[in-house]
Amino acid sequence: MAVIYLVRHGEVLWNREPPAYCGITDLELSPEGRRQAECLAARLAGAPLAALYCSDLRRARQTADAIAAPHALVPVADPALREVNYGDWEGLSEAQVRCRWPDLYAAWRQDAERVPIPGGESFAALRDRVVPAMTAIAARHPAESVAVVAHKSTNRVFLCELLGLSPSHYRRIGQENAAVNILNYDEGRWRIDLVNDACHLVPGSR
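In this note's numbering, the protein residues as written are 171 to 376.
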(Lines of atoms letter the chains of each structure in order from A; the text may use other names.)
(Lines give C-alpha, C1' and ligand atoms only; values in the text may rest on other atoms or scores of the structure.)
Protein backbone atom coordinates (compact mmCIF):
# COMPACT_ATOMS: atom_id res chain seq x y z
CA MET A 171 0.00 0.00 0.00
CA ALA A 172 1.28 3.45 -0.93
CA VAL A 173 1.03 6.26 1.62
CA ILE A 174 0.74 9.70 0.04
CA TYR A 175 1.36 12.88 2.01
CA LEU A 176 -0.43 15.43 -0.16
CA VAL A 177 0.41 18.94 1.04
CA ARG A 178 -0.22 22.51 0.04
CA HIS A 179 2.65 24.96 -0.41
CA GLY A 180 3.42 27.67 2.15
CA GLU A 181 2.03 31.17 2.03
CA VAL A 182 2.66 33.66 -0.77
CA LEU A 183 1.83 37.35 -0.43
CA TRP A 184 -1.25 36.98 -2.65
CA ASN A 185 -2.74 34.56 -0.07
CA ARG A 186 -3.09 37.38 2.45
CA GLU A 187 -6.28 39.38 3.00
CA PRO A 188 -7.80 40.21 0.66
CA PRO A 189 -6.52 37.12 -1.15
CA ALA A 190 -5.95 37.23 -4.91
CA TYR A 191 -6.26 34.38 -7.38
CA CYS A 192 -2.70 33.05 -7.83
CA GLY A 193 -3.19 30.35 -10.45
CA ILE A 194 -0.09 29.68 -12.52
CA THR A 195 1.55 33.03 -11.70
CA ASP A 196 4.99 31.96 -10.47
CA LEU A 197 5.15 33.47 -6.99
CA GLU A 198 7.77 32.94 -4.29
CA LEU A 199 7.01 32.01 -0.70
CA SER A 200 6.62 34.93 1.67
CA PRO A 201 8.73 35.02 4.85
CA GLU A 202 5.74 33.47 6.65
CA GLY A 203 5.50 30.89 3.87
CA ARG A 204 9.12 29.91 4.39
CA ARG A 205 8.46 29.51 8.11
CA GLN A 206 5.46 27.33 7.32
CA ALA A 207 7.55 25.21 4.94
CA GLU A 208 10.12 24.62 7.68
CA CYS A 209 7.37 23.61 10.12
CA LEU A 210 5.96 21.27 7.49
CA ALA A 211 9.42 19.80 6.90
CA ALA A 212 9.78 19.15 10.64
CA ARG A 213 6.35 17.49 10.65
CA LEU A 214 7.37 15.12 7.84
CA ALA A 215 10.98 14.57 8.94
CA GLY A 216 10.05 11.29 10.61
CA ALA A 217 8.03 9.96 7.67
CA PRO A 218 9.88 7.27 5.67
CA LEU A 219 9.65 9.17 2.38
CA ALA A 220 10.95 7.29 -0.64
CA ALA A 221 10.23 10.10 -3.11
CA LEU A 222 9.00 13.66 -3.30
CA TYR A 223 6.96 15.21 -6.12
CA CYS A 224 5.83 18.79 -6.59
CA SER A 225 4.24 21.24 -8.97
CA ASP A 226 6.81 23.05 -11.08
CA LEU A 227 5.67 26.45 -9.77
CA ARG A 228 8.17 28.19 -7.51
CA ARG A 229 6.08 28.24 -4.35
CA ALA A 230 5.61 24.48 -4.52
CA ARG A 231 9.26 23.82 -5.38
CA GLN A 232 10.46 25.96 -2.46
CA THR A 233 8.16 24.07 -0.09
CA ALA A 234 9.34 20.76 -1.53
CA ASP A 235 12.98 21.73 -1.10
CA ALA A 236 12.39 22.28 2.62
CA ILE A 237 10.69 18.88 2.97
CA ALA A 238 13.41 17.15 0.94
CA ALA A 239 16.38 18.27 3.03
CA PRO A 240 16.04 15.86 6.01
CA HIS A 241 15.52 12.95 3.61
CA ALA A 242 18.29 13.77 1.13
CA LEU A 243 15.72 13.61 -1.67
CA VAL A 244 15.59 15.55 -4.92
CA PRO A 245 12.03 16.74 -5.66
CA VAL A 246 10.57 15.71 -9.01
CA ALA A 247 8.65 18.61 -10.58
CA ASP A 248 5.50 17.77 -12.54
CA PRO A 249 3.54 20.49 -14.42
CA ALA A 250 0.37 18.36 -14.11
CA LEU A 251 0.33 19.24 -10.40
CA ARG A 252 0.07 22.98 -11.06
CA GLU A 253 -2.69 25.14 -9.66
CA VAL A 254 -5.72 25.74 -11.87
CA ASN A 255 -5.04 28.36 -14.53
CA TYR A 256 -7.08 31.37 -13.42
CA GLY A 257 -6.32 33.23 -16.64
CA ASP A 258 -7.56 36.82 -16.64
CA TRP A 259 -8.46 36.56 -12.95
CA GLU A 260 -4.91 36.07 -11.69
CA GLY A 261 -3.78 38.82 -9.36
CA LEU A 262 -7.38 39.95 -8.73
CA SER A 263 -9.44 39.54 -5.58
CA GLU A 264 -12.80 37.80 -5.55
CA ALA A 265 -14.52 41.19 -5.20
CA GLN A 266 -12.69 42.56 -8.26
CA VAL A 267 -13.60 39.52 -10.36
CA ARG A 268 -17.24 39.70 -9.26
CA CYS A 269 -17.34 43.38 -10.22
CA ARG A 270 -15.77 42.93 -13.68
CA TRP A 271 -17.45 39.65 -14.69
CA PRO A 272 -20.69 39.54 -12.65
CA ASP A 273 -22.64 37.10 -14.83
CA LEU A 274 -19.70 34.85 -15.65
CA TYR A 275 -18.56 34.78 -12.04
CA ALA A 276 -22.04 33.81 -10.86
CA ALA A 277 -22.17 31.02 -13.45
CA TRP A 278 -18.70 29.82 -12.45
CA ARG A 279 -19.63 29.75 -8.77
CA GLN A 280 -22.55 27.50 -9.68
CA ASP A 281 -20.63 25.20 -12.02
CA ALA A 282 -16.84 25.55 -11.82
CA GLU A 283 -16.55 22.11 -13.40
CA ARG A 284 -17.86 23.23 -16.78
CA VAL A 285 -17.56 27.02 -16.89
CA PRO A 286 -14.06 27.95 -18.08
CA ILE A 287 -12.28 30.92 -16.60
CA PRO A 288 -11.52 33.54 -19.31
CA GLY A 289 -8.00 32.93 -20.53
CA GLY A 290 -7.75 29.97 -18.14
CA GLU A 291 -9.24 26.53 -17.67
CA SER A 292 -12.28 24.83 -16.19
CA PHE A 293 -12.11 22.71 -13.07
CA ALA A 294 -12.94 19.68 -15.24
CA ALA A 295 -9.67 20.33 -17.07
CA LEU A 296 -7.88 20.61 -13.73
CA ARG A 297 -9.33 17.28 -12.61
CA ASP A 298 -8.45 15.62 -15.89
CA ARG A 299 -4.76 16.41 -15.50
CA VAL A 300 -4.40 16.01 -11.72
CA VAL A 301 -6.14 12.66 -11.21
CA PRO A 302 -3.96 10.72 -13.71
CA ALA A 303 -0.82 12.38 -12.33
CA MET A 304 -1.64 11.46 -8.73
CA THR A 305 -2.65 7.93 -9.67
CA ALA A 306 0.59 7.43 -11.61
CA ILE A 307 2.64 8.62 -8.63
CA ALA A 308 0.85 6.27 -6.25
CA ALA A 309 1.13 3.31 -8.64
CA ARG A 310 4.87 3.97 -8.99
CA HIS A 311 5.34 3.46 -5.24
CA PRO A 312 3.05 0.54 -4.31
CA ALA A 313 4.63 -0.15 -0.90
CA GLU A 314 6.28 3.19 -0.11
CA SER A 315 5.55 6.60 1.38
CA VAL A 316 5.84 9.67 -0.82
CA ALA A 317 5.08 13.36 -0.46
CA VAL A 318 3.38 15.52 -3.09
CA VAL A 319 3.44 19.33 -2.86
CA ALA A 320 0.67 20.99 -4.82
CA HIS A 321 -1.88 23.79 -4.53
CA LYS A 322 -5.17 24.73 -2.91
CA SER A 323 -7.55 24.05 -5.79
CA THR A 324 -5.43 21.18 -7.09
CA ASN A 325 -5.67 19.35 -3.79
CA ARG A 326 -9.34 20.16 -3.24
CA VAL A 327 -10.37 18.94 -6.69
CA PHE A 328 -8.39 15.72 -6.24
CA LEU A 329 -10.03 15.12 -2.86
CA CYS A 330 -13.43 15.77 -4.48
CA GLU A 331 -12.63 13.03 -6.98
CA LEU A 332 -11.80 10.56 -4.20
CA LEU A 333 -15.05 11.45 -2.42
CA GLY A 334 -17.14 11.03 -5.57
CA LEU A 335 -17.96 14.73 -5.76
CA SER A 336 -18.03 17.05 -8.75
CA PRO A 337 -15.13 19.52 -8.87
CA SER A 338 -17.78 22.22 -8.41
CA HIS A 339 -17.96 21.16 -4.74
CA TYR A 340 -14.31 21.98 -4.11
CA ARG A 341 -15.13 24.86 -1.75
CA ARG A 342 -16.51 22.37 0.76
CA ILE A 343 -12.99 21.13 1.47
CA GLY A 344 -10.58 23.26 3.48
CA GLN A 345 -6.95 23.48 2.41
CA GLU A 346 -4.77 25.86 4.41
CA ASN A 347 -1.24 26.88 3.52
CA ALA A 348 1.21 24.07 4.37
CA ALA A 349 -1.64 21.74 5.37
CA VAL A 350 -1.19 17.95 5.26
CA ASN A 351 -3.56 15.38 3.78
CA ILE A 352 -2.74 11.68 4.20
CA LEU A 353 -4.01 9.23 1.59
CA ASN A 354 -3.55 5.51 1.00
CA TYR A 355 -3.55 3.79 -2.38
CA ASP A 356 -3.80 0.02 -2.75
CA GLU A 357 -4.51 -1.90 -5.95
CA GLY A 358 -6.41 0.94 -7.59
CA ARG A 359 -8.34 2.04 -4.51
CA TRP A 360 -7.84 5.27 -2.60
CA ARG A 361 -8.58 5.91 1.07
CA ILE A 362 -8.48 9.28 2.83
CA ASP A 363 -7.02 9.19 6.34
CA LEU A 364 -6.47 12.89 7.09
CA VAL A 365 -7.52 16.19 5.52
CA ASN A 366 -6.27 19.76 5.98
CA ASP A 367 -4.17 19.20 9.10
CA ALA A 368 -2.07 22.27 9.92
CA CYS A 369 -1.44 21.64 13.63
CA HIS A 370 2.33 21.74 12.99
CA LEU A 371 2.04 25.48 12.33
CA VAL A 372 0.88 26.18 15.89
CA PRO A 373 3.81 27.29 18.11
CA GLY A 374 4.82 24.58 20.56
CA SER A 375 2.90 21.83 18.74
CA ARG A 376 5.92 19.89 17.51
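The beta-carbon is built from N, C-alpha and C at its ideal position, and this holds for glycine as well.
| Query | Result |
| --- | --- |
| C-beta contact flag for E264 and P189 at 9 Å | yes |
| DSSP three-state assignment for I362, whether helix, strand or coil | strand |
| Segment limits, beta strand (DSSP E) that includes N325 | Not the beta strand (DSSP E): N325 falls in the alpha helix (DSSP H), residues K322 to L332. |
| Contact under 9 Å by Cβ, E283 with G257 | no |
| 6 Å CB neighbourhood of R229 in its chain, flanking five on each side removed | H179, V182, L197 and L199 |
| Proximal residues to Q232 (C-beta, below 6 Å), its chain only, five neighbours per side dropped | L199 |
| One or two residues paired with N354 in a DSSP bridge | V173 and R361 |
| Of the residues L214, Q345, C192 and T305, the one placed nearest A250, counting alpha carbons only | T305 |
| Contact under 9 Å by Cβ, A277 with W360 | no |
| Which residues DSSP lists as bridging D367, in chain order | V350 |
| Boundaries of the beta strand (DSSP E) in which L219 is found, first to last residue | L219 to C224 |
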